[in-house]
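Notes follow the structure.
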């Protein structure tokens, strides 16, 4: 009887696992297909890219990567993009976690109104905002400067990040913070030493979310920058897809190159999404 | 801790300070260079080369600044009008109405004095159709002062293309001479399970362009313009006939599946790889097809006509044009550069390097075969921007989207005609 | 002491508020004002027309409300289908299974991929003639279903919605996973000690703790789906006819094709107010659920 039930549970466990893996694998296949297509296409030529859509190219044109890099002038733009992305992400993480922590923990007059304002901002897209933004930046002498662009992009990601972080701060146990306060830690110290480490998983999400956002942005950059040497990487990609002619292999090579850093950021951040667990375990 | 509060408030104070301290524009830079904004990715390299030649010749540096894609470019130019930061030379994308607004806002220099100098020397070297897009007649509908406000740097036409090999396979040695024969080929295509006509009809303007040609063919230019002026209704039998053509084409099987949502670049892939018999595309396609399939055996023709009453017409004229900023301090230099750019030699170079049709008519020799066919069609070309009247955008949209509905079998041509007319009446009422 | 405390609290939110006021509030107020003007976006002169733009949206612009419904449909599919898949995947990856890290990496590929690639590949999959999906349908004995999914008015919107969900589920997955990972393991152990089986501890521990995260994902999904447009341009251009038209495309059309800048601003504000209302209702609703 007992043996039977053990076998029964074993079978059940195995079949559940198989089902789970089947589910995971089938979703994975759809995710991988476009990626593989992109990479394979980047190795084809303009002539063969649509003639034979197969996923195994006959010849490998690795020189596409070289051409994409040179023609797109990637070197300079790459550095710009990395600079903008890291500045914006650091800015957003600091500013939004400060604000979200205050919204979650402190009581002060106007708290609800301010928070609702941020939430509303997240939801109301302002379609023509590039015009007033342009005029404003022009008046502030921030147009065609990196600082102007970085500040605008910080603003873009701010509301959503505050919302994300506040949700998680609300959910987190307060006991540790109380303990720290009794130990004589001030508010800023608690935020830095207690709250932020606990929020690592969601901070990782905030980092990935904003990094991707900034990395892929080009419309605003195109509007406020006149100088070529300030442009981000996406602008270089646009030169491969002209109004009439798209250089597909170079575009795919360029897209592959630009996707890499984001994937790396994601892999790095993933570690923290896991690490959060052990931290959480320590708390209890 | 205290430090943090200091920093936090310092940020606020600095920000407020920046806000309050205002204005004073950037000082104007070196007199010996001009800046050109454009969106033409495919011509960037050729422009750079020309700029180099110009600098070697005159010592004036020309900064070509590329901002792509064209949508974002268009927004940039509009934003720059609000900040008064337009460059010395730039291009405008959009309809004649927008062009007119730029002129009325004082952003664009009237070039007619330069065009007409020395017995219209500069003016006469252009195709008149190419220049027409940039001309504003006295008393025009856009309330701008009359004049020539832009320099065309190339021309284009939009035509029908046919794959010679596939036609032969279907048993036709020649492209269809009229619409009936076109539909016959459609039936054969359906039987052979091939794909007929591909085009970017997901981007509605290409539908408009196709329909317009047939409207000219069926009722003549004057009646089309009278419709726009509100004197003829869209419910007129001639317009219903234009709309019915799309139903006929769909019924015969000449339209490729998925045509209604097809993006032009996808249509180009299909035609270039001999997956479709016909295409409806602009002269830029020669360059595209060459890149994707150099051995493609194809020809260009006017869309097969329905009626003998009026000539068939296609869209064409100026491809892209440059304008000079009326508020720039370097107007003279800018004009001189544009004069040089549209000179014979430079136009020749641009045409060869980019496979576009030159706007300078003295340059039209030794073009590749299909490109020459496109160039030949320029005499049959017209464009909404030269009609002097503009249809309401809402009406154009109702018309084009209506044609999509006809193709997917959702509405009859009569229903679409009625709907378009009701939109037209609504817009007319709003204007009054 | 009180005052110092309050000042300290304000210092936490001050940087966010300052940046927000300069770069969001000022442009927003400007756009709000523009909504009451007839302006082409170019001329220095603007004509004040009061609330006419808004009245036109509410009384005449049927296409706008149709686009709204389409976006609503996409959102509905995203809220149910996309989030269900995202949650299930997160649950699966929260367990101790093999290749966990591999899956986590893979599921984030769609959000990273450029819309250009996604549009091209899915068009190729859903194409009527040589599309992979149709080949597969014929293969499993359903040739009757094979057709062009994107240009058929009956399937276009659903096809677009599915691709949109596919592109976006990675975010839901990531946030759900982060949420699951912050649930202290002790709670599960405590539940087990109390004699709860897997199903019960899921119901009593996981679900209650995940509700705020689900609300968060829900609101982000609503925002993302209602505002989707890049993929739609790449796949159908809003067609056939108006079957995949969405509000953002309408706003862009007013701004560019018709040069009605003021009207576009009015549309944007109407759209935003509706989004705020929907999100607020969802928030309230879930709060009641929790209580």
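Chains as they are written, first to last, in my numbering: chain W, 96 to 379; chain E, 290 to 721; chain S, 776 to 1066.
Just so you know, even glycine gets a beta-carbon here, dropped at the ideal spot from N, CA and C.
Computed from a predicted model, the values in this text were never measured in an experiment.
Asked	Found
Since residue 308 of chain W sits in a beta bridge, which residues does DSSP pair it with?	In the DSSP output, where bridge partners are listed per residue, residue 308 of chain W has none listed.
Given a threshold of 16 other Cβ atoms within 10 Å of its Cβ, counted over all protein chains shown, does residue 941 of chain S qualify as buried or as exposed?	buried
Closer than 8 Å between beta carbons: that is the criterion. Which residues of the segment 218 to 243 of chain W meet it against chain S?	218, 219, 220, 221, 222, 223, 224, 226, 227, 228 and 231
According to DSSP, is residue 424 of chain E part of a helix, a strand, or is it coil?	strand
Within the 8 Å Cβ cut-off, does residue 965 of chain S reach chain E?	no
Does residue 479 of chain E get closer than 8 Å to chain S when you measure Cβ to Cβ?	no
In three-state DSSP terms, what is residue 441 of chain E?	strand
Can you name the residues of chain S whose CB is closer than 7 Å to the CB of residue 547 of chain E?	902, 903, 923, 925 and 926
Looking at the unbroken beta strand (DSSP E) that takes in residue 160 of chain W, where does it start and where does it end?	Not the beta strand (DSSP E): residue 160 of chain W falls in the alpha helix (DSSP H), residues 158 to 166.
List the residues of chain E that residue 889 of chain S touches, going by C-beta distances under 7 Å, in chain order.	Ordered by position in chain E, no residue passes the 7 Å Cβ test against residue 889 of chain S, which lies about 13 Å from the chain.
I think residue 503 of chain E touches residue 534 of chain E, with their Cβ atoms under 8 Å apart; what is that distance to the nearest whole Å?	6 Å
Kindly indicate which three-state DSSP category residue 900 of chain S falls into: helix, strand or coil?	helix
Assuming residue 355 of chain E is part of the beta strand (DSSP E), what are its boundary residues?	350 to 355
For residue 313 of chain W and residue 241 of chain W, what's the separation of their Cα atoms in angstroms?	14 Å
Can you find at least 3 beta carbon pairs, one from the segment 413 to 423 of chain E and one from the segment 439 to 449 of chain E, that sit closer than 8 Å?	yes
Find out if the Cβ-Cβ distance for the pair residue 1020 of chain S, residue 845 of chain S is shorter than 8 Å.	yes
Where residue 881 of chain S and residue 822 of chain S are concerned, what is the direct C-alpha to C-alpha distance, given to the nearest angstrom?	53 Å
Just the chain E side, please: which residues come within less than 8 Å of residue 169 of chain W by C-beta, in chain order?	What residue 169 of chain W touches in chain E: nothing, since even the nearest Cβ is about 15 Å away.
Just curious, the alpha helix (DSSP H) that residue 217 of chain W is in, first and last residue?	206 to 218
Give me the chain S residues within the contact set of residue 350 of chain W, using Cβ-Cβ distance strictly less than 9 Å, ordered along the chain.	888, 889, 891 and 892
How would you label residue 293 of chain W, buried or exposed, when you count the other beta carbons within 10 angstroms and need 16 or more for buried?	buried
Helix, strand or coil for residue 325 of chain E? Go by DSSP, reduced to three states.	strand
Label residue 982 of chain S either buried or exposed according to how many other C-beta atoms from any shown protein chain fall within 10 Å of its C-beta, with 16 as the threshold for buried.	exposed
So, with DSSP's three-state summary, where would you put residue 604 of chain E?	strand
In whole angstroms, what is the alpha-carbon distance linking residue 831 of chain S and residue 320 of chain W?	36 Å
For residue 280 of chain W, which residues in chain S fall below 7 Å Cβ to Cβ?	The premise fails here: residue 280 of chain W is roughly 13 Å from chain S at the closest Cβ pair, so nothing lies under 7 Å.
When the Cα atoms are used, what is the spatial distance from residue 692 of chain E to residue 927 of chain S?	15 Å
Using 8 Å for Cβ pairs, my map puts residue 222 of chain W next to residue 893 of chain S. What's the rounded Cβ distance?	Rounded, the Cβ-Cβ distance is 23 Å, inconsistent with contact.
Quick one: measure Cβ to Cβ for residue 682 of chain E and residue 1033 of chain S, integer angstroms, because I've assumed they're closer than 8 Å.	4 Å
Looking at the C-beta of residue 337 of chain W, does it have a partner C-beta in chain E at a distance below 8 Å?	yes
State the DSSP-derived secondary structure class of residue 533 of chain E, mapped to helix, strand or coil.	helix
Quick check: the segment 469 to 487 of chain E against the segment 537 to 555 of chain E, are there 3 or more CB pairs under 8 Å?	yes
Drop a sphere of 10 angstroms on the beta-carbon of residue 684 of chain E, count the other beta-carbons inside from all chains shown, and report buried for 16 or more, exposed for fewer.	buried
Which residues does DSSP pair with residue 447 of chain E in a beta bridge?	E:571
Closer than 7 Å, Cβ to any Cβ of chain W: which residues of the segment 536 to 565 of chain E, in chain order?	554, 558 and 562
Which runs of the beta strand (DSSP E) fall wholly inside the segment 314 to 341 of chain W and span at least 3 residues, in chain order?	none
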